[in-house]
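What follows is one structure encoded as structure tokens, with my remarks underneath.
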Amino acid sequence: MGKLFQRLHLIAVLILIGEFTTADVASAQALPDKTLSVTRDALLEPLQASTTNNAQTRITSDALLDAHLTNNQPSTNWPQWQAQSETTPIQITDVRVEPTEADLQIILETDSGEAIAPAPTTLGNALVAEIPNAVLLLPDAEEFLEFEPAEGIALVQVRELSNNRVQVIVTGTDTAPMADVSVTDTQVTLSVAPGVAQAGEAEDPLRIVVTDEADEQGYRAPNATTGTRTDTPILEIPQAIQVIPSEVLEDQAITDLQDALRNVSGVSQGNTFGNTEDAFVIRGFDSATVLQNGFRAVDPSLRDTANLERIEVLQGPASVLYGSGQPGGVVNLVTEQPLSESFYELQLRVGSNSLIRPELDISGPLTDDDSVLYRLNAAYERGDGFRDFDQDIERVFLAPVLSLALTPQTDLTVEFEYLDDERPFDRGVVAIGDGVADLPSDRILGEPDDFFENDEYRLQSRLEHRFSDDWTLRTAFQYTASDELNLRAEPSMLNEATGDLSRIFISNDSTNEAFAVQTEIVGEFNTGSIEHTLLFGIDFSQETGEVTTSQGLAAPINIFDPEYEVIPRPDLSELVVGLTREVEQTRWGFYLQNQIDLTDNLILVLGGRVDLLEQDLEQVSPFLGDESVSGQESVFSPRVGLVYQPIETLSLYASYSRSFQPNAVFSITADGEFVDPERGTQYEIGIKADWFGGRLSSTLALYDLTRTNVAAPDPTAPPGSGFVIPIGEERSRGIGLDIAGEILPGWNIIASYAYIDAEVTDGNDLSTPEGNRVNNVPRNSASLWTTYEIPNGDLQGLGFGLGFFYVDNRVGDSANTFELPSYFRTDAAVFYRRNNWRVGLNIQNLFDVDYFESTGNSRLRVNPGAPLTIIGTVAIEF
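Laid out in structure tokens, this is it:
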């Protein structure tokens, strides 16, 4: 079936390529397609007509301005200009765009005094009007932009030029619009209508390329894709979803996913497997579901953030769109894409524990017509870490991206990632009594040369074809492979009275390989007055893995007075193979979603997905001997959501959703059988709002989430067997609050609060009794990070940041035998941005508090938090 689907996918791609080739031949006989390039600093450029085939003409803002001033002077005489120049400039304080049945009204509100009526002129497919002796003083932005405000209009832009001039540019999709101008004491109004194409004029659609858009969004993201697989306003998504933009990562000097997720409500650190992989708990449940551009990231390694544009966190079940996953939520990593304007950035970070991390980010066009764009992110990191290991942390990360405009309607993007990660394997410290042993934060209880090595490769391709403005076909492919090796002195038993810790040398040698294919169609249509956005998709994936676990003797160690290397570390060839496992998982998914605008302020979201899952496990074990286990499952996962917007900036929502997650394929019962998949069920209600003219957003959610068929380690099984038992049901109820955006110009904030009551509601007395709390879950947690950057004056660009992170006490294991204490961590930053460079100094854990991040659900695996850490950053763009 897998090979059949691959062939069908290939045939579909070939058909599309054939269609694109035909379209190219046809377009060679017509006038060129139109391209509009949009940058944060440049004017959104209208295009001049061209007589060359397939030419994509790009005009810079300066060129446009020069052409406009040279060829089309405003229709005012010199005395009028002089009179205006001697008076106080007219202040334009607001811009509104109001579609009517007849035209589009562009209204510029003025403070007082009548402005000189501008004389609109045309350039290419743009209408340009300039108001002399005027300044633009908008309350929340330096310029005004609105895309596609009406049919036939691609863009409206209002911006201030030098010498007290305000320029209005209205770009048509095919031809330059027409406008009438009226002026009163308080308004300048342009009544705009789309232009009419002349006979023989090409009707190729305008293609708008937005460059460096992420730099303009600040801490607030108005839209997200993870909640619906379509670009949807967050206000219209019937689940809580938070976005961490790249600006937050930059301001906090973040280079790993764990630190980034501190900013999201209800997210805490989970079992990191010796600090070698990303692990987190969302809404009370372990969540290993990480997506990258909507694809499942199979290997749970420590991901790098060098190529991330933003991180989206969808809270609650997401199986309706992404298949198997934990009910707490999913994390989607959205990568940076190529830019149509040349961009180069070099960055260097140095800091505590001998940290050095240079980064490179370059992008731009490879062809004159911008049809081929590239981007390259690269990073190298080396440091000691704060734990007392001989093994350094060393990482190499490469991420090239290539984007091709095959036709005006078709885009192909190919991404590749390579990660080489070497670091200590670190189980942390241990518990004594009902708390954590009082040990220095850098004390290691393994051996100084315990190590972990990982090589990881990822290849993604995404093809998008727009049949029309309303219907789009997307097909994508992903291949991943990884090779991991670790060797460590693993704690096995502690004599709490003496502090003697028994250990055993263990090595895991594993390889993983996976490929996945997605094909989906998105369309918009109406049934009467009701608007629909329909999504239908099919996906297929196959994952294979092999792991060999070997063991050897290790000397015990006293946790209070450790002595290392008592017994020399054995070579890998000297270890005894204890367990070999080979697994294969094959998944098919069929999903359908309809976002229905019942009225202007009432949205119904309906979705359902069917998953077909096959699992095969072969293992050789001293406990089971040669064993082969197979299983098949078919699961239906629905979602129903309703969003009501009493006003444009406020939404009330309610939703019901379900999830499924196969219990770990490596984990079987002592009888040699798979445990039934976990099922999750959530009921959620919430309120979302935009504040201060859309500069600040907030989400308040209340949820009731249940997980059934939960598997837990079998306490009666021999150590290292990996056997599990079903314990029944866990329930999490809570509240989540998230706030992000700009309070005042230059003052940004991202904050969260969560209350979570997560407990076992149907347990197993042997390991997880009913009523026990779920481990690694704080009842209360909160975060606040805020920055202020001086917007003008001699100190313009100087900024400060302050952050607070509070985490309540957590139980350390399923049996609730000990607790991790609560902690309050303070971070601070100072930075300076000027022109094309910036410098910054970040201090993490400013007051050097002792705290613990998480446990591995064991008294022998407690992860200490980092002490005071200082990081300096220097970056330059050109």
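For the sequence shown, my numbering gives the first residue as 423, with consecutive numbering after it.
We treat Cβ as the ideally placed atom computed from N, Cα and C, and that holds for glycine.
None of these values were measured; they are calculated from a predicted model.
DSSP, read as helix, strand or coil, puts S1203 in strand. With a 10 Å radius around the Cβ and a threshold of 16 neighbouring Cβ atoms, Y766 comes out exposed.
For the pair F927 and T698, the CB atoms are not nearer than the 8 angstroms cut-off. Comparing alpha-carbon positions, the option among F962, S914 and L916 lying closest to A898 turns out to be F962. A buried status is given to I553, since no fewer than 16 other beta-carbon atoms sit within 10 Å of its beta-carbon. As DSSP reads the structure, E1211 sits in a beta bridge with G1221.
Taking 8 angstroms as the upper bound for CB-CB distance, V580 and V588 are in contact here, some 7 angstroms apart.
In terms of Cβ geometry, V720 and E965 form a close pair [threshold 8 angstroms]. Nearest to R797 by C-alpha distance, out of S762, L881 and D856, is S762. Short of 6 angstroms from the beta carbon of P870, and not among the five residues preceding or following it, lie these beta carbons of its own chain, in chain order: F811, D812 and Y986.
Across the set D1048, I1292, D1033 and E837, the C-alpha of D1048 shows the shortest separation from the C-alpha of L1001.
When C-beta atoms of the segment 936-944 are compared with those of the segment 884-897, three or more pairs fall below 8 angstroms, so the two segments count as touching. Annotated as proximal: V1097 and P1148, with beta-carbon spacing under 8 angstroms. Distance from the CA atom of S1244 to the CA atom of F1222, rounded to whole angstroms, is 27 angstroms. Apart from sequence neighbours up to five positions away, the residues of its chain that approach F707 with a beta-carbon distance below 8 angstroms are Q748, P749, G750, G1102, L1127, R1129, E1152, S1154, A1180 and V1196, ordered along the chain.
In the DSSP assignment, L755 is bridged to Q714 and I733.
Look at A898 here: in three-state DSSP terms it is strand. Residue pairing from DSSP places G1063 in a beta bridge opposite V1027 and S1077. Taking C-beta atoms as the reference points, V703 and G692 count as a pair closer than 8 angstroms. With a threshold of 16 other beta carbon atoms within 10 Å, I1069 falls short and is exposed. For V519, the CB contacts under 6 angstroms within the same chain, skipping 5 residues up- and downstream, are I528, E568, P571 and V578 in chain order. With contacts defined as CB atoms closer than 8 angstroms, N908 and F874 qualify as a contacting pair.
In the structure shown, the three-state DSSP call for N799 is strand. Take L559, set aside five residues on each side of it, and the residues of its chain with a beta-carbon closer than 6 angstroms to its own are Q513 and T515, in chain order.
Shown here for V1199: same chain residues with a beta carbon closer than 7 angstroms to its own, the five before and five after excluded, namely S690, V703, G706, I1178, A1180 and R1232 in chain order. Secondary structure of D726 (DSSP, three-state): strand. In the three-state DSSP reduction, L679 falls in the helix class (H, G or I). The continuous beta strand (DSSP E) containing Y1125 extends over residues L1118 to P1135. For S668, there is no enclosing beta strand (DSSP E); the residue is part of the alpha helix (DSSP H) that begins and ends at S668 to D673. Look at L841 here: in three-state DSSP terms it is strand. By the criterion of a C-beta distance shorter than 8 angstroms, N775 is surrounded in its chain by G805, D806, G807, F808 and T1291, once the five residues flanking it on both sides are discounted. In chain order, G747, R1031, S1059, R1080, S1081 and F1082 place their CB closer than 7 angstroms to the CB of S741, counting only its own chain and leaving out the 5 sequence neighbours on each side. 8 angstroms or more divides the Cβ of R732 from the Cβ of A675. Nearest to A563 by alpha-carbon distance, out of F1012, E1164, T971 and I784, is E1164. With a cutoff of 8 angstroms on beta-carbon distance, E758 and N715 are scored as not near each other. In the DSSP assignment, L612 is bridged to I528 and V603.
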